[in-house]
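Letter by letter, the sequence shown follows residues 1 to 229 of UniProt numbering. Built from N, CA and C at the ideal position, the CB exists for glycine as well. Keep in mind that this is a model prediction, so the values were computed, not measured.
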Amino acid sequence: MEQYNQETIKSHFSHPHPLKLIVYKQTLNLTSPCSACKIEPSGMIYCCIMCEDHFLHQRCFDMPKKMTHPCHEKHSLTLISKPSNRNEHFFVCDACSERGKGGFSYHCKPCRIDLHLLCAVMPLSVTHDSHVHKLHLTFESYPEKKFSCNICMNTGSRQWVYRCKSCGFDAHLKCATGDAPSVHRPPSQTKEPAPRQAATCYTLDPSAPQLPPMQQRQNIMPPPDPPFE
Ligand SMILES: [Zn+2]
Ligand SMILES: [Zn+2]
Ligand SMILES: [Zn+2]
Ligand SMILES: [Zn+2]
Ligand SMILES: [Zn+2]
Ligand SMILES: [Zn+2]
1 MEQYNQETIK
11 SHFSHPHPLK
21 LIVYKQTLNL
31 TSPCSACKIE
41 PSGMIYCCIM
51 CEDHFLHQRC
61 FDMPKKMTHP
71 CHEKHSLTLI
81 SKPSNRNEHF
91 FVCDACSERG
101 KGGFSYHCKP
111 CRIDLHLLCA
121 VMPLSVTHDS
131 HVHKLHLTFE
141 SYPEKKFSCN
151 ICMNTGSRQW
161 VYRCKSCGFD
171 AHLKCATGDA
181 PSVHRPPSQT
191 KEPAPRQAAT
201 CYTLDPSAPQ
211 LPPMQQRQNI
221 MPPPDPPFE
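Shown next as C-alpha cells:
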C-alpha cells in the first residue's frame, strides 16, 4: 500500500478530487493554467491526483474563503470558483476591468463585485522606478472619463489605479507592479502623457484616515509574467 507520509494531500472546495502538494517540474507536462488565477504553473502547486491537468498554485489554494477588502468594507468578499450568475461565463474584475477568463473571483453578491484573486491581494502601496514617491492603490475609479497611465502612456477607465496624489501620477495596476511589457520602453518611444482632464473631477479628502491594512496576505505579489491577455 502506498505510503502518504511526508505528503500533503488536501481537498479544495473547487474540485471533487484530492489535490497533492508537489514542486512544479516541466516534465509534468501541464497544459492548462491554474484553475484559480489562470496563470502558468510555478513553484509549489497542488495537483489533482486523478486529473492529469488540474492544479492550483499553493498560494491560490491557500487563499481564504472570505476576505474583507478595503475597497469594499461593508461586506466581506467570498471566494467563488465559478461566476455567480450561471448565464455569465466570465466576470469582469472591478480592479483591473479585465475579464475573469474562468478563474476564481472574490465576489460580493448584493453589490455584484468581482475581483481576480491576484487583484484582490495587490499591495496597498508600491514603488516603481519611474516615480520617486510611493504609489498608493486607489479604489475610486474614473467612472466615465479615462485616466492616463504615466508608465505605459495608455489610458484606462473603470479600474483601480496606483496613484501619487501630490504629483497627479497615475499607473495601471499591471504597470505599477511591473507586469506590463511596456514598462521599460526605450526613451525614444516615450511620449508626453495626454492632458489629464480626469484630475479635475477626482479628489480625495486629504483629511481622510489612512486605509486600514488589508486583512489577508497582502504580501503576495503576482508572478513576474502572467499572460493576462
Ligand atoms: Zn494560481
Ligand atoms: Zn481531478
Ligand atoms: Zn483584476
Ligand atoms: Zn457588497
Ligand atoms: Zn499603464
Ligand atoms: Zn509623486
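Close beta carbons around residue i, own chain, < 8 angstroms, minus the five adjacent residues each side
i, result
"asparagine 150", "Ser130, His131, Phe169, Asp170, Ala171 and Pro193"
"histidine 89", "Pro83 and Gly102"
"leucine 135", "Ser125, Val126, Thr127, His128, Tyr162, Arg163, Cys164, Phe169, Ala171 and Ala176"
"serine 166", "His133"
"aspartate 53", "Leu30, Thr31 and Ser32"
"valine 92", "Glu98, Arg99, Gly100 and Asp114"
"alanine 36", "Ser14, Leu56, His57, Cys60, Phe61, Met63, Ser81, Gly103, Phe104 and Leu117"
"lysine 146", "Thr155, Gly156, Ser157 and Ala198"
"glycine 49", "First, the residue type needs correcting, since residue 49 is isoleucine and not glycine in the sequence shown. Only Ile9, His17, Pro18, Leu19 and Lys20 meet the Cβ criterion."
Closer than 7 angstroms: residue i CB and nearest ligand 4 heavy atom
i, result
"residue 235", "The requested residue 235 is not part of the displayed model; the chain covers only 1 to 229."
"histidine 107", "no"
Residue i: CB within 7 angstroms of a non-hydrogen atom of ligand 6
i, result
"cysteine 48", "no"
"serine 166", "yes"
"valine 161", "no"
"histidine 133", "yes"
"phenylalanine 169", "yes"
Assigned exposure category for residue i - 16 Cβ within 10 Å defines buried
i, result
"serine 32", "exposed"
"methionine 63", "buried"
"glutamine 3", "In this prediction, glutamine 3 has a pLDDT of 49, which is less than 50 and means its spatial position is unreliable; what the coordinates show is noted afterwards. Exposed is the call here."
"glutamate 7", "exposed"
"lysine 25", "exposed"
"cysteine 111", "exposed"
Proximity winner among the options, relative to residue i (alpha-carbon distances)
i, options, result
"threonine 68", "Lys146, Asp114 and Ser14", "Asp114"
"arginine 158", "Glu140, Leu118 and Cys167", "Glu140"
"threonine 138", "Pro18, Met122 and Ser35", "Met122"
"histidine 17", "Met63, Leu56 and Asp62", "Leu56"
"histidine 12", "Cys152, Lys25 and Lys65", "Lys65"
Same chain only: Cβ atoms within 7 angstroms of residue i, ignoring 5 sequence neighbours per side
i, result
"valine 23", "Met44"
"cysteine 108", "His72, His75 and Leu77"
"alanine 51", "The displayed chain sequence assigns cysteine, not alanine, to residue 51. Contacts found: His17."
"aspartate 94", "Ile113, Asp114 and Leu115"
"lysine 38", "Lys101, Gly102 and Gly103"
"cysteine 34", "Pro41, Phe55, Leu56, His57 and Cys60"
Distance cut-off 7 angstroms: residue i Cβ against heavy atoms of ligand 2
i, result
"histidine 12", "no"
"glutamine 60", "This sequence places cysteine at residue 60; glutamine is not what is there. Every heavy atom of ligand 2 is 7 angstroms or more from the Cβ of cysteine 60, so no."
"asparagine 128", "Note that residue 128 is histidine in the sequence shown, not asparagine. False, no ligand heavy atom lies under 7 angstroms from that Cβ."
Residue i: CB within 7 angstroms of a non-hydrogen atom of ligand 1
i, result
"histidine 57", "yes"
"alanine 36", "yes"
"isoleucine 39", "yes"
Close-in-space but distant-in-sequence residues of the same chain around residue i (CB under 6 angstroms, 5 per side omitted)
i, result
"serine 14", "Ser81"
"cysteine 96", "Cys119, Gln159 and Leu173"
"histidine 133", "Cys164"
"cysteine 47", "Lys20, Ile22 and Phe55"
Distance cut-off 7 angstroms: residue i Cβ against heavy atoms of ligand 7
i, result
"lysine 74", "Ligands in the displayed structure: ligand 1, ligand 2, ligand 3, ligand 4, ligand 5 and ligand 6; ligand 7 is not one of them."
Cutoff 8 angstroms: residue i Cβ touching any chain C Cβ
i, result
"proline 64", "Of the chains in the structure shown, none is chain C; there is only one protein chain."
Residue i beta carbon near ligand 5 (any heavy atom closer than 7 angstroms)
i, result
"histidine 172", "yes"
"cysteine 51", "no"
"cysteine 119", "no"
"cysteine 152", "yes"
"cysteine 175", "yes"
Distance cut-off 7 angstroms: residue i Cβ against heavy atoms of ligand 3
i, result
"leucine 28", "no"
"cysteine 149", "no"
"leucine 115", "yes"
Does the region 42-49 come into contact with the region 67-76, if we say contact requires no fewer than three beta-carbon pairs (one atom in each stretch) closer than 8 angstroms? Between the region 42-49 and the region 67-76 there are fewer than three inter-stretch CB-CB distances shorter than 8 angstroms, so the stretches are not counted as touching.
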